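Written below as structure tokens is the structure these notes are about.
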């Protein structure tokens, strides 16, 4: 805090004459910006995951937000900024104690939110802990069960706390889903092909959502496209009694691998046949 004297001339009228005097005014100037009361403190669960590290960087650079905690069972003790590839450390260590971080925010009476990238099995308990300390939650956990979402809805309504369960954080994915719905009214064939380097990640929640959306429109697709010459396609068509949506999940492989090698590594998913059968 610094005190600065500012002088400026003032013309004073005395007995019909004007005289100039210097009037001094003292102004308190602070070189530091006081902390904003509207700053939102953000706690990220699943901080060492790729999406968690990306969120750490985004929150750290966002106006009106402050990273208040990084929670994960991996990388305990490491700096949240360093694990996220930031040039300077944030001096916020990765912890595995959500209660301690939430308690610290509650004591400061700051506005806070918990962003949960953890696992389906821990989401409910995390939201309950956040609500107990007066914090709302944003949940993005792939493959979360519908029963869990229902339980979260009932709990948050009873606790009068907010909780957003986001099926996707991608604007492009939302636009793709809407485009698929609009296009389905103009075509008789529908096929979803998903490409990912890791077969264990298939099918993704985005692809499942697209398939559900167009399957719920009451149309029957691919009436004239029952060709089973493609081995990948044949694996499913032979097991289907009534095809509503031909839904394929394939993995793209390097160009030097043959088509047969790629087909051999195609992993079937039993849940698909349940979605396709009447």
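Residue numbers (full-length UniProt numbering): 1 to 278. Don't be surprised by glycine CBs; every beta carbon is placed ideally from N, CA and C. Keep in mind it's a predicted model, so treat the numbers as computed, not measured.
**Asked** Can at least three beta-carbon pairs, one atom from the stretch 118-130 and one from the stretch 80-89, be found at a separation below 8 Å?
**Response** no
**Nearest-angstrom Cα separation, counted from residue 63 out to residue 182** = Stepping through the chain shown from its first residue, residue 182 is reached at position 182. Stepping through the chain shown from its first residue, residue 63 is reached at position 63. Near 37 Å, if we compare the C-alpha coordinates of residue 63 and residue 182.
**Asked** Can you tell me where the beta strand (DSSP E) with residue 97 in it begins and where it stops?
**Response** Counting from one through the chain shown, the residue named residue 97 turns up at place 97. Per DSSP, residue 97 belongs to no beta strand (DSSP E) and is neither H nor E.
**Item:** Helix, strand or coil at residue 112 according to DSSP, with G and I counted as helix
**Value:** Taking the first residue of the chain shown as position 1, residue 112 is located at position 112. Strand.
**Request:** Using a threshold of 8 Å, state whether the C-beta atoms of residue 345 and residue 56 are closer than that.
**Result:** As displayed, the chain neither begins before 1 nor continues past 278, which places residue 345 out of reach and without an answer.
**Asked** With contact counted as at least three CB pairs below 8 Å, one residue from each stretch, are the stretch 145-158 and the stretch 96-114 in contact?
**Response** no
**Item:** Closest residue to residue 58 among 161, 205 and 42 (Cα-Cα distance)
**Value:** Numbered from its first residue, the chain shown carries residue 58 at position 58. Closest option to residue 58, Cα to Cα, is 42.
**Message:** Would residue 138 and residue 98 be called neighbours here (beta carbons separated by less than 8 Å)?
**Reply:** Taking the first residue of the chain shown as 1, we reach residue 138 at position 138. Taking the first residue of the chain shown as 1, we reach residue 98 at position 98. No, the Cβ-Cβ distance between residue 138 and residue 98 is not below 8 Å.
**Residue nearest to residue 193 in terms of C-alpha spacing, selected from 203, 173 and 91** = What you label residue 193 is simply residue 193 of the chain shown in a count that begins at 1. Of the listed residues, the one whose Cα sits closest to residue 193 is 203.
**Rounded distance between the beta-carbons of residue 167 and residue 209, thought under 8 Å** = The residue you call residue 209 lines up with position 209 of the chain shown. The residue you call residue 167 lines up with position 167 of the chain shown. Confirmed, about 6 Å.
**Request:** Entirely within the stretch 57-103 and at least 4 residues each: give me those alpha helix (DSSP H) ranges in chain order.
**Result:** 80-83
**Prompt:** Assuming residue 112 contacts residue 94 under a Cβ cut-off of 8 Å, what Cβ separation, rounded to an integer in Å, is found between them?
**Reply:** Stepping through the chain shown from its first residue, residue 112 is reached at position 112. Stepping through the chain shown from its first residue, residue 94 is reached at position 94. The pair is not a contact, with the Cβ atoms about 18 Å apart (cut-off 8 Å).
**Message:** According to DSSP, is residue 139 part of a helix, a strand, or is it coil?
**Reply:** Counted from its first residue, the chain shown places residue 139 at position 139. Looking at residue 139 - three-state DSSP - the assignment turns out to be strand.
**Request:** Identify the continuous alpha helix (DSSP H) that holds residue 175 and give its terminal residues.
**Result:** The sequence position of residue 175 within the chain shown is 175, counting from 1. Here the alpha helix (DSSP H) through residue 175 covers 171-184.
**Item:** Status (buried if at least 16 other CB within 10 Å, exposed otherwise) for residue 140
**Value:** Position 140 of the chain shown, counting from 1, holds the residue named residue 140. Its Cβ being crowded by 16 or more others within 10 Å, residue 140 is buried.
**Prompt:** For residue 158, which three-state DSSP category applies?
**Reply:** Mapped onto the chain shown, residue 158 falls at position 158. In this structure, residue 158 counts as helix in the three-state DSSP scheme.
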